[in-house]
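Going down the list, the protein sequences come from chains P and F.
Anchor point for the first sequence: position 146 equals 322 in this note's numbering, and the numbering is continuous, going up by one each time.
Anchor point for the second sequence: position 75 equals 77 in this note's numbering, and the numbering is continuous, going up by one each time.
Notes to accompany the following structure.
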Amino acid sequence: MAAILNIFKNFPRYLWSGWGAIASIFLFIALWELGYQAYGELVLPAPKDTFLRLVNMLLHEGIWKEMQITIQRALWGFVISVTIGSSLGLLAGLFVTTSMMSRPLVTIFMGMPPIAWIVLAMIWFGMGDTAVIFTVVVASFPIVFIGALQGTRTLENNLKEMAESFHAPLLMKIKDIYFPHIFSYIFPSWIAALGMSWKIVVMAELLSSYDGIGAELAVTRSQLDTEGALALVLMLVISLLFIEYFLMEPIKREVEQWRD
Amino acid sequence: MTTSNSALLNKIKPFLTNSFRLIFLLLPIYIILSITLWGLVWSGYLPLFIQNQLVWHIYEMMFGVASAGIIGFIFTFVSEAYNDIVIISKKQIFYIVMLWLIGRIAFWMIDTLGVYVVALTNLPLLIWIVFLIAKPLIVDPLRNHISLGLILISIVIIQGWFFASLAGWVATDAMSILKVALGSFMVLELLALRRIATGTINEWLDSNNVDDTFVARPPRYNIAILCIILFTLFEFLFPYNPILGWLGFAVCAAILNTLNDFFIDEKIIIFKPYVLPIFLVLLSMAIGYGLMGFDYLYDGFNGINHFRHFLTTGVFGLSFFTVMVIISTIHTGRKLRTNKWINLAILLIVIATLLRSLMPFFPLSFMAENASFIYLSSSVIWATAFIIYLMIFSSVLSEN
Numbered sequence: 177m178a179a180i181l182n183i184f185k186n187f188p189r190y191l192w193s194g195w196g197a198i199a200s201i202f203l204f205i206a207l208w209e210l211g212y213q214a215y216g217e218l219v220l221p222a223p224k225d226t227f228l229r230l231v232n233m234l235l236h237e238g239i240w241k242e243m244q245i246t247i248q249r250a251l252w253g254f255v256i257s258v259t260i261g262s263s264l265g266l267l268a269g270l271f272v273t274t275s276m277m278s279r280p281l282v283t284i285f286m287g288m289p290p291i292a293w294i295v296l297a298m299i300w301f302g303m304g305d306t307a308v309i310f311t312v313v314v315a316s317f318p319i320v321f322i323g324a325l326q327g328t329r330t331l332e333n334n335l336k337e338m339a340e341s342f343h344a345p346l347l348m349k350i351k352d353i354y355f356p357h358i359f360s361y362i363f364p365s366w367i368a369a370l371g372m373s374w375k376i377v378v379m380a381e382l383l384s385s386y387d388g389i390g391a392e393l394a395v396t397r398s399q400l401d402t403e404g405a406l407a408l409v410l411m412l413v414i415s416l417l418f419i420e421y422f423l424m425e426p427i428k429r430e431v432e433q434w435r436d
Numbered sequence: 003m004t005t006s007n008s009a010l011l012n013k014i015k016p017f018l019t020n021s022f023r024l025i026f027l028l029l030p031i032y033i034i035l036s037i038t039l040w041g042l043v044w045s046g047y048l049p050l051f052i053q054n055q056l057v058w059h060i061y062e063m064m065f066g067v068a069s070a071g072i073i074g075f076i077f078t079f080v081s082e083a084y085n086d087i088v089i090i091s092k093k094q095i096f097y098i099v100m101l102w103l104i105g106r107i108a109f110w111m112i113d114t115l116g117v118y119v120v121a122l123t124n125l126p127l128l129i130w131i132v133f134l135i136a137k138p139l140i141v142d143p144l145r146n147h148i149s150l151g152l153i154l155i156s157i158v159i160i161q162g163w164f165f166a167s168l169a170g171w172v173a174t175d176a177m178s179i180l181k182v183a184l185g186s187f188m189v190l191e192l193l194a195l196r197r198i199a200t201g202t203i204n205e206w207l208d209s210n211n212v213d214d215t216f217v218a219r220p221p222r223y224n225i226a227i228l229c230i231i232l233f234t235l236f237e238f239l240f241p242y243n244p245i246l247g248w249l250g251f252a253v254c255a256a257i258l259n260t261l262n263d264f265f266i267d268e269k270i271i272i273f274k275p276y277v278l279p280i281f282l283v284l285l286s287m288a289i290g291y292g293l294m295g296f297d298y299l300y301d302g303f304n305g306i307n308h309f310r311h312f313l314t315t316g317v318f319g320l321s322f323f324t325v326m327v328i329i330s331t332i333h334t335g336r337k338l339r340t341n342k343w344i345n346l347a348i349l350l351i352v353i354a355t356l357l358r359s360l361m362p363f364f365p366l367s368f369m370a371e372n373a374s375f376i377y378l379s380s381s382v383i384w385a386t387a388f389i390i391y392l393m394i395f396s397s398v399l400s401e402n
């Protein structure tokens with residue numbers, strides 16, 4: 177409870193610290209504007225027009241429904257990969273044998289291109305939700321698995337021994353020794369998996385779905401609507417930034433305070 | 003030296019004890035006179051004998067006023083930064099201030115004296131200042147303050163470029179050069195403010211037994227400086243290009259990022275004496291660039307020149323006033339504290355800035371009837387802050 181209160185208390189200050197990042201983003205948009213002026217709107221539409229198109233899409237073009245479908249798929253895929261990846265990774269990390277056995281499998285999963293998974297998913301599940309969510313899971317799962325595995329494998333024996341010599345209760349050991357250490361490995365992997373989910377979901381939708389932002393992107397591609405395509409990409413990026421920086425990062429900061 | 007010169011030197015001897023005393027006595031007087039006159043001219047109450055009035059106003063408000071501020075600040079700062087070394091003699095202080103004064107008179111008479119004479123009286127001042135501070139900045143093995151010297155050199159070059167334009171040597175429009183100059187002055191403001199803020203706020207923390215340190219983090223200021231340089235370059239090379247909109251927003255965000263330094267643990271220090279005006283300088287700069295960015299993107303607003311006053315009326319006004327007060331207090335052996343008059347003066351500068359800069363947001367019908375009054379009142383309110391400075395500090399500056 178205290179941690180949650182702390183997150184809220186530090187939130188305004190955390191929010192203000194984002195101005196540096198916002199400055200970089202505006203510099204990037206200025207570069208985008210330069211690209212537009214150099215190559216014309218078919219290649220790169222003006223940022224201002226793209227933002228206005230985005231607003232128009234949100235207000236008038238009923239894009240919310242597609243957005244909702246995409247976010248739902250991405251989140252489902254993310255939650256499943258986090259649940260399975262974290263549990264299996266933690267378990268595998270507990271035993272040297274399992275961690276040795278799982279490594280080559282994870283390498284195979286990591287090495288397999290998501291586009292290949294999409295093709296397989298389309299054959300196995302057909303067009304729709306399941307194919308998209310499956311692709312998101314198989315693409316994100318290895319990232320979380322490795323994070324969890326590393327977290328458990330690198331637990332410091334000295335600390336464990338110290339806790340045992342002081343006869344620290346199990347709950348205290350979990351809360352003060354195991355959890356902070358494992359979390360510092362597993363949480364960044366969750367954030368990476370979230371980013372991966374957001375990217376994969378659009379690609380999967382583009383190829384294997386009739387709805388969602390990815391499918392809308394396919395429409396804009398067929399109509400050579402670069403402005404619409406960029407507006408959709410912006411929408412996804414903004415939603416990802418929102419989830420990562422407004423939700424995940426404050427939690428990470430609070431939980432990783434022990435590092436300071 | 004003639005006898006009359008020696009007599010004058012003896013009379014103003016107390017003012018030459020430090021490099022800032024004489025100039026900080028003359029600067030507010032000059033600000034009061036020139037801005038009130040400009041208010042009367044721009045609002046149509048008074049004609050002015052100068053042909054290109056707008057160029058005169060901008061040049062004098064920047065080079066005229068800022069070079070005096072530079073005299074007051076730079077010698078004090080460089081001397082203090084390098085173990086109180088003496089970098090300027092009393093005679094040099096006197097001559098440098100006289101040169102500044104001659105430069106001002108000359109620019110007022112530009113139509114009579116001609117560009118070359120005015121250039122000859124104006125250009126040597128900053129060159130001399132750079133020459134005087136160059137040695138300590140260069141011999142410092144860490145080159146901690148070399149950026150101050152470099153930006154001053156760029157300002158000297160821009161000033162030369164401006165006169166070359168007036169003389170017809172270069173085809174560049176004088177007004178565009180003045181915009182480049184404003185960008186350079188903003189960089190100088192940031193470089194100076196970072197140093198002033200660190201010294202002043204830590205002094206306040208120490209004297210109030212607060213066990214914390216204020217650090218104005220250079221990377222944050224460097225990002226802001228980079229953004230200002232890009233904005234200034236693009237404004238010169240591609241005037242009215244929408245790219246300036248995004249760059250304006252980038253500058254705004256980068257300057258707001260520097261305000262992160264003002265979070266010291268869990269304490270809110272921005273309302274503390276002398277912290278607030280420094281905070282307001284940065285805020286004014288951020289708002290100014292942000293609104294200019296907005297204007298460059300939003301067609302048909304035409305408020306850029308009004309919004310630019312956040313940088314001049316706001317940033318210049320607040321920073322000059324604050325620096326004058328801080329230096330006049332600390333370097334005359336006094337403890338840094340504020341009073342209701344100083345707070346009132348800061349409030350007046352803020353009001354004048356808002357009045358002058360936010361004019362595009364006032365209703366058209368209101369502006370049609372009251373524009374002249376707002377121009378004038380903004381100038382008078384701004385000048386009043388410096389009258390208050392004179393009331394409080396003229397006796398302090400003349401003390402032995």
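Backbone N, C-alpha and C define an ideal beta-carbon position, used for all residues, glycine too.
Since the model is a prediction, treat every value here as computed from it, not as a measurement.
Out of curiosity, what's the CA-to-CA distance linking residue 364 of chain P and residue 323 of chain P? If you number the first sequence from 1, residue 364 of chain P lands on position 188. If you number the first sequence from 1, residue 323 of chain P lands on position 147. Per the coordinates, the alpha-carbon of residue 364 of chain P lies some 8 Å from the alpha-carbon of residue 323 of chain P.
Please state whether DSSP places residue 265 of chain F in a helix, a strand or coil. Position 263 of the second sequence, counted from the start, is the residue given in the question as residue 265 of chain F. In this structure, residue 265 of chain F counts as strand in the three-state DSSP scheme.
Own chain partners of residue 355 of chain F with C-beta closer than 7 Å, once the 5 adjacent residues on each side are dropped: The count along the second sequence starts at 1 and reaches residue 355 of chain F at position 353. Here residue 355 of chain F has 286, 311, 312, 315, 316, 319 as same chain residues with Cβ atoms under 7 Å from its own Cβ, once five neighbours each way along the sequence are excluded.
Give a yes or no on contact between the stretch 385-403 of chain P and the stretch 236-249 of chain P, applying the rule of three or more CB pairs nearer than 8 Å. With the rule of 3 Cβ pairs closer than 8 Å, the stretch 385-403 of chain P counts as touching the stretch 236-249 of chain P.
Can you find a C-beta in chain P that's less than 7 Å from the C-beta of residue 252 of chain F? Translated into the one-based positions of the second sequence, residue 252 of chain F becomes position 250. Closer than 7 Å to some Cβ of chain P, the Cβ of residue 252 of chain F qualifies, so yes.
Closer than 7 Å by beta-carbon distance: list the chain P residues that pair up with residue 339 of chain F, in chain order. Counting from one through the second sequence, the residue named residue 339 of chain F turns up at place 337. In chain order: nothing, as chain P lies at least about 28 Å away.
Where does residue 299 of chain P sit, in a helix, a strand or coil, going by DSSP? Numbered from its first residue, the first sequence carries residue 299 of chain P at position 123. Reduced to three states, the DSSP call for residue 299 of chain P is helix.
Partners in chain P for residue 265 of chain F, counting only beta-carbon separations shorter than 9 Å: By one-based count along the second sequence, residue 265 of chain F stands at place 263. In chain order: 189, 192, 193.
Spatial neighbours of residue 370 of chain P in its chain, beta-carbon cut-off 6 Å, leaving aside the 5 residues before and after: As a working mapping, residue 370 of chain P is identified with position 194 in the first sequence. Cβ within range, chain order: 254.
Is the separation between the beta-carbon of residue 223 of chain P and that of residue 208 of chain P shorter than 7 Å? Residue numbering aside, residue 223 of chain P sits at position 47 when the first sequence is read from its first letter. Residue numbering aside, residue 208 of chain P sits at position 32 when the first sequence is read from its first letter. Result yes, Cβ atoms of residue 223 of chain P and residue 208 of chain P sit closer than 7 Å.
Give the residues of chain F in contact with residue 199 of chain P, contact being defined as C-beta atoms less than 7 Å apart. Working through the first sequence from its first residue, we reach residue 199 of chain P at position 23. For a Cβ distance threshold of 7 Å, residue set 225, 229, 252, 255, 256, 259 of chain F lies close to residue 199 of chain P, ordered along the chain.
Give me, in chain order, the residues of the same chain whose beta-carbon lies closer than 7 Å to that of residue 326 of chain P; leave out the 5 immediate sequence neighbours on both sides. Within the first sequence, residue 326 of chain P is the residue found at index 150, counting from 1. The beta carbon of residue 326 of chain P lies closer than 7 Å to those of 361 in the same chain, with the five residues before and after it left out.
Should residue 3 of chain F go down as buried or exposed, given a rule of 16 or more other Cβ atoms within 10 Å for buried? Start at 1 with the first residue of the second sequence, and residue 3 of chain F comes out as number 1. Below a pLDDT of 50, predicted positions are generally treated as unreliable, and residue 3 of chain F, at 49, falls in that range; the measurement from the model is reported next regardless. Classification for residue 3 of chain F: exposed.
Taking all protein chains shown into account, do 16 or more other C-beta atoms lie within 10 angstroms of the C-beta of residue 273 of chain P, making it buried, or fewer, making it exposed? Position 97 of the first sequence, counting from 1, holds the residue named residue 273 of chain P. Exposed.
Grab the span of the alpha helix (DSSP H) containing residue 348 of chain P for me, first residue to last. Stepping through the first sequence from its first residue, residue 348 of chain P is reached at position 172. Element bounds for residue 348 of chain P: 346-349.
Measuring only the C-alpha atoms, how far is residue 170 of chain F from residue 32 of chain F? In the second sequence, counting from the first residue as 1, residue 170 of chain F sits at position 168. In the second sequence, counting from the first residue as 1, residue 32 of chain F sits at position 30. Their backbone Cα atoms lie some 29 Å apart in a straight line.
For a cutoff of 7 Å on Cβ pairs, would you count residue 196 of chain P as touching chain F? Residue 196 of chain P sits at position 20 when you count from the first residue of the first sequence. Against chain F, the CB of residue 196 of chain P has a partner CB under 7 Å away; the residue lies at that interface.
Determine the extent of the alpha helix (DSSP H) in which residue 15 of chain F is found, giving its start and end residues. Counting from 1 along the second sequence, the entry for residue 15 of chain F is found at position 13. Where residue 15 of chain F is concerned, there is no enclosing alpha helix (DSSP H), given that its DSSP letter is neither H nor E.
Less than 7 Å separating the beta-carbons of residue 155 of chain F and residue 167 of chain F? Within the second sequence, numbered from 1, the residue matching residue 155 of chain F stands at position 153. Within the second sequence, numbered from 1, the residue matching residue 167 of chain F stands at position 165. With a cutoff of 7 Å on beta-carbon distance, residue 155 of chain F and residue 167 of chain F are scored as not near each other.
Among residues of its own chain, excluding the 5 on either side of residue 218 of chain P, which ones have a beta-carbon nearer than 8 Å to its beta-carbon? Indexing the first sequence from 1 puts residue 218 of chain P at position 42. Contacts found: 400, 402.
Close-in-space but distant-in-sequence residues of the same chain around residue 53 of chain F (CB under 6 Å, 5 per side omitted): Indexing the second sequence from 1 puts residue 53 of chain F at position 51. 113.
Counting along the chain, where does the alpha helix (DSSP H) carrying residue 233 of chain F start and finish? Sequence index remark: in the second sequence, residue 233 of chain F carries index 231 (1-based). 220-239 is the extent of the alpha helix (DSSP H) around residue 233 of chain F.
In chain order, what are the residue ranges of uninterrupted alpha helix (DSSP H) at least 4 long that sit wholly in the stretch 80-131 of chain F? You should have 92-110, 112-115.
Just verifying my parser: in three-state terms, what is the DSSP assignment at residue 270 of chain F? Translated into the one-based positions of the second sequence, residue 270 of chain F becomes position 268. In this structure, residue 270 of chain F counts as strand in the three-state DSSP scheme.
Rounded C-alpha distance that separates residue 373 of chain F from residue 349 of chain F: Taking the first residue of the second sequence as position 1, residue 373 of chain F is located at position 371. Taking the first residue of the second sequence as position 1, residue 349 of chain F is located at position 347. Spanning the two alpha carbons is a distance of roughly 22 Å.
Between residue 403 of chain F and chain P, is there a C-beta pair that is closer than 7 Å? For residue 403 of chain F there is no data in the structure shown, the boundaries of chain F being 3 and 402.
Using three-state DSSP, classify residue 3 of chain F as helix, strand or coil. Walking along the second sequence from the start, residue 3 of chain F turns up at place 1. Caution is warranted here: a pLDDT of 49 is assigned to residue 3 of chain F, below 50, making its placement in the model unreliable, and the coordinate value is therefore given only provisionally. In the structure shown, residue 3 of chain F adopts coil according to DSSP, grouped into three states.
Which residue marks the beginning of the alpha helix (DSSP H) containing residue 248 of chain P, and which one marks its end? In the first sequence, residue 248 of chain P corresponds to position 72, counting from 1. DSSP places residue 248 of chain P inside the alpha helix (DSSP H), whose first and last residues are 239-270.
Counting only Cβ pairs nearer than 8 Å, list the residues of chain P close to residue 249 of chain F. Counting from 1 along the second sequence, the entry for residue 249 of chain F is found at position 247. Here the neighbours are 202, 203, 206.
How many angstroms separate the CA atom of residue 329 of chain P from the CA atom of residue 358 of chain P? As a position in the first sequence, residue 329 of chain P is number 153, starting the count at 1. As a position in the first sequence, residue 358 of chain P is number 182, starting the count at 1. Note on geometry: alpha-carbon atoms of residue 329 of chain P and residue 358 of chain P lie some 9 Å from one another.
Residue of F:74, F:129, F:357, F:89 minimising C-alpha distance to residue 17 of chain F: In the second sequence, the residue the question calls residue 17 of chain F occupies position 15. Out of F:74, F:129, F:357, F:89, F:74 has the C-alpha closest to the C-alpha of residue 17 of chain F.
Segment contact, 8 Å Cβ cut-off, at least three pairs: the stretch 180-187 of chain F with the stretch 231-248 of chain F: Short answer: they touch.
Between which residues of its own chain and residue 46 of chain F is the CB-CB distance below 7 Å, once the five residues before and five after are set aside? The count along the second sequence starts at 1 and reaches residue 46 of chain F at position 44. Excluding positions up to five away in sequence, the list reads 374.
Which residues in chain P sit within 9 Å of residue 144 of chain F, going by Cβ to Cβ distance? Within the second sequence, residue 144 of chain F is the residue found at index 142, counting from 1. Within chain P, no residue comes near residue 144 of chain F; the closest Cβ sits about 25 Å away, beyond 9 Å.
DSSP three-state call for residue 289 of chain P: helix, strand or coil? The residue you call residue 289 of chain P lines up with position 113 of the first sequence. Coil at residue 289 of chain P, not helix or strand.
Cβ-based contacts, 8 Å cut-off: residues of the stretch 210-237 of chain P near chain F: Residues are counted here when their Cβ sits less than 8 Å from a Cβ of chain F; for the stretch 210-237 of chain P these are 210, 213, 222, 223, 224, given in chain order.
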